[in-house]
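Below is one structure, written out as structure tokens; comments come after it.
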Amino acid sequence: MKSVVDLKIVLFSFILMATLSHSSSYIRGNANQDYDSFATTKCLKEPLPAQYGGGIIVERKPVNSSVLPQTIQLKDGLYYVFSAWIQASTEGSEKIITAVFNYSSGVEAGTVVARHGCWSMLKGGIVANVTTPADIIFKAEDALAEIWVENVSLQPFTEEQWRSHQEQRISKLRKRRIRLNIRDANDNATTLGGAKVILKQLKQHFPFGCSMTKNIVNNQAYQSWFSSRFRVTTFKNEMKWYDNEPIQGQENYANPDYMVNFAQTHGISIRGHNVFWEDPRYQPYWVYGLNPNQLAAATDKRINSVMSRYRGKLISWDVVNENLHFRFFDDKLGNGFSGIEYAKARQLDGGATLFMNEYNTVEDGRDPASLPQNYINKLKQIQGSVGGARIGIGLQSHFSQYQPNIVYMRSALDTLGATGMPIWLTEVDVKPNPNQVQYFEQILREGFAHPAVQGIVMWAGPAVDGYNMTLADNKFSNTPAGDLVDRLLKEWRSEVPELKTDDNGLLEVSLFLQMKVCIFMYMYEYYICDWHLKLLHLLLNYIHFKSPRLLLQI
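All the letters of the sequence shown, read from the start, carry residue numbers -21 to -1, 1 to 533 under mature numbering (1 follows the signal peptide of the UniProt record, and there is no 0).
And the structure:
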């Protein structure tokens, strides 16, 4: 074996793929069909032009205030993206307006909170599961309200086109194309053609993880199953108040302490879930008997206790869970409870991202409490209490047993993504049904492909945990859902065969982020395999290999 020769690798060209913005909001699929990701919650003085030039809508404004004068022929299996600009005709109040595809059953395409004097964008859509004529009707919660509608659009896509949009986005967002120019460090003019290059991914750059329960404590099989797959987690119950302090004044952190230590030992990031939960059904039993002053003191003790204990150990906190649907603390302590607690949380653990966490924002557009627009309004209120700091958008993503409305999901993510705030799908699952795994895959792919989504945690686990989504049986062998997750984990990392540079020492390849590069030179009979390639940060930098260790010149 000959001695190792010094090499110089120049990142000759580093092609960055920018995320989508309004100025570049189209994703091109096959058959030249584009998806327009633009959405806004701003109420505009004038409506913007109809997306897709109106698509298959010929008459873009209803003759009256409620029914579009064009009957649509829906086709089973097509994805229909819908948008319109809405204004309430009466002053002084907001109106919740829903667009409905009216046929035998009727399907809601989307909902918006409209005001008088400006135009609000309603964006949504449906996945057609039947071929039928349908009318598009605009309904207000106030049956007597008059609705003004402009610039209606309906654009159909095939399933193939929809999947193509996802793949295009994944290539732009989650991967980078690099060009390596390999030269001899002692003679920069000498290129090293025929260098064998082996690429291996160290871990997933995109946080894709799974929830965890106390059943992992001292369970080697569970620990091995989990740590071999996931790099981010949320504890199902073990950081909730009712679990940490079931008896007033008697705190017990034994299980979460063990779980935090396990996660840190294995390089697994943790989302803190949760400090408070606004749902009155999920409080420590002793809380119900407290008067307002006692409750205020108890909540202050709670937030200081749990956040101080795990300060610096978590990547994020769900500070006040489900504060769009419920008001337990607001009703007892005043409407400003969320803002006060987020301000405290920022002081207690300023390095962690603080999140809201809600359900039905992407799962079901029929729930007015958690519409994207209402979510954003609440988020802005909380931001006002923390000096405008970034507040994460947590979307639980608990889907029913019925076919998920993936078009509405994408539209809702478009709307929420316009805020620029970090978005995570925090508790993804599907209720048991014959198509559970198929629906689960659709949801996970849609989330992974969306430019605004920065992480996904599944509300799932082995059979011992009793989730709706069971990934492994009692012996930790995969279920069909577990097979799906393993397949996605493999697909969303770079499995590249051994490659060679050309005669000029050049090699161009598309990689998922965060790689390990192994370089094998056949003519010198050696290899180097100790470089952690973080593609986002090494832009046109000169990399010098010096045996036995690698030096970065940045």
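C-beta: ideal position from N, C-alpha, C; glycine also.
Start-to-end residues for the alpha helix (DSSP H) that takes in residue i
i      : result
HIS144 : 138 to 152
MET191 : No alpha helix (DSSP H) holds MET191; DSSP gives it neither H nor E.
LEU312 : 307 to 312
TYR14  : Careful: TYR14 lies outside any alpha helix (DSSP H), inside the beta strand (DSSP E) at 13 to 15.
ASN223 : 220 to 223
Rounded straight-line distance, which links the Cα of residue j to that of residue i
i        : j      : result
SER45    : PHE80  : 12 Å
GLN262   : LEU53  : 47 Å
ASN108   : GLN326 : 50 Å
PRO28    : ASN130 : 6 Å
VAL91    : LEU101 : 5 Å
THR111   : GLN183 : 44 Å
PHE136   : SER143 : 10 Å
ILE35    : VAL106 : 16 Å
ASN356   : LYS479 : 54 Å
GLY173   : ASP481 : 6 Å
VAL239   : TRP296 : 14 Å
ARG7     : GLU25  : In this prediction, ARG7 scores a pLDDT of 46, lower than 50, which makes its location untrustworthy; the coordinate-derived value is nonetheless stated afterwards. Between ARG7 and GLU25, the C-alpha separation is close to 28 Å.
LYS175   : ASP465 : 29 Å
GLU487   : ARG155 : 11 Å
GLY366   : ARG472 : 38 Å
GLY56    : ALA439 : 28 Å
LYS(-14) : ASP15  : With a pLDDT of 38 at LYS(-14), under the threshold of 50, the modelled position of that residue is not reliable, and the figure given next carries that caveat. Looking at the two C-alpha atoms, the distance is approximately 43 Å.
Test item: CB-CB of residue i and residue j under 8 Å
i      : j      : result
GLN433 : ILE402 : yes
PHE214 : PRO186 : no
LYS311 : PRO271 : yes
PRO259 : PHE316 : no
GLU337 : LEU374 : yes
ARG288 : TYR232 : yes
GLU120 : ALA93  : no
ARG281 : GLU87  : no
SER68  : ILE126 : yes
LEU404 : ILE361 : no
CYS97  : LEU159 : no
GLU230 : PHE307 : no
VAL416 : LEU463 : yes
ALA348 : LEU392 : no
SER390 : SER150 : no
ARG208 : PHE491 : no
ALA78  : PHE117 : yes
Chain C contact for residue i (CB, 8 Å cutoff)
i      : result
PRO259 : Going by chain labels, chain C is absent from the structure shown, which holds only one protein chain.
Whole-number beta carbon distance between residue j and residue i, since they are thought to touch under 8 Å
i      : j      : result
MET218 : PHE205 : Rounded, the Cβ-Cβ distance is 17 Å, inconsistent with contact.
GLN30  : SER132 : 4 Å
GLY71  : GLY89  : Contact doesn't hold; Cβ gap of about 24 Å is too wide.
LEU293 : GLY251 : 4 Å
ILE65  : VAL128 : 6 Å
GLU420 : HIS377 : About 16 Å separates the two Cβ atoms, so there is no contact after all.
ASN447 : PRO411 : 6 Å
MET286 : ASP328 : 5 Å
PRO351 : LEU395 : 5 Å
GLY371 : LEU333 : 7 Å
As assigned by DSSP and simplified to three states, the class of residue i
i      : result
GLN66  : strand
PRO459 : helix
ILE422 : helix
PRO441 : strand
ASP236 : helix
MET400 : coil
GLU87  : strand
ASP114 : strand
TRP265 : helix
LYS323 : helix
PRO135 : strand
LEU47  : coil
VAL386 : helix
TRP127 : strand
ASP482 : coil
LYS54  : coil
TRP204 : helix
ASN231 : coil
VAL299 : strand
GLY315 : coil
PHE427 : helix
Unbroken beta strand (DSSP E) run spanning residue i, endpoints
i           : result
TRP256      : 248 to 256
PRO351      : Here PRO351 belongs to no beta strand (DSSP E); instead the alpha helix (DSSP H) covers 351 to 364.
LYS292      : Note, LYS292: premise wrong, no beta strand (DSSP E); not H, not E.
SER489      : 485 to 491
LYS102      : 99 to 106
PHE334      : 332 to 337
residue 592 : Given that the chain is displayed from residue -21 to residue 533, the structure contains no residue 592 and the question cannot be resolved.
PHE80       : 74 to 81
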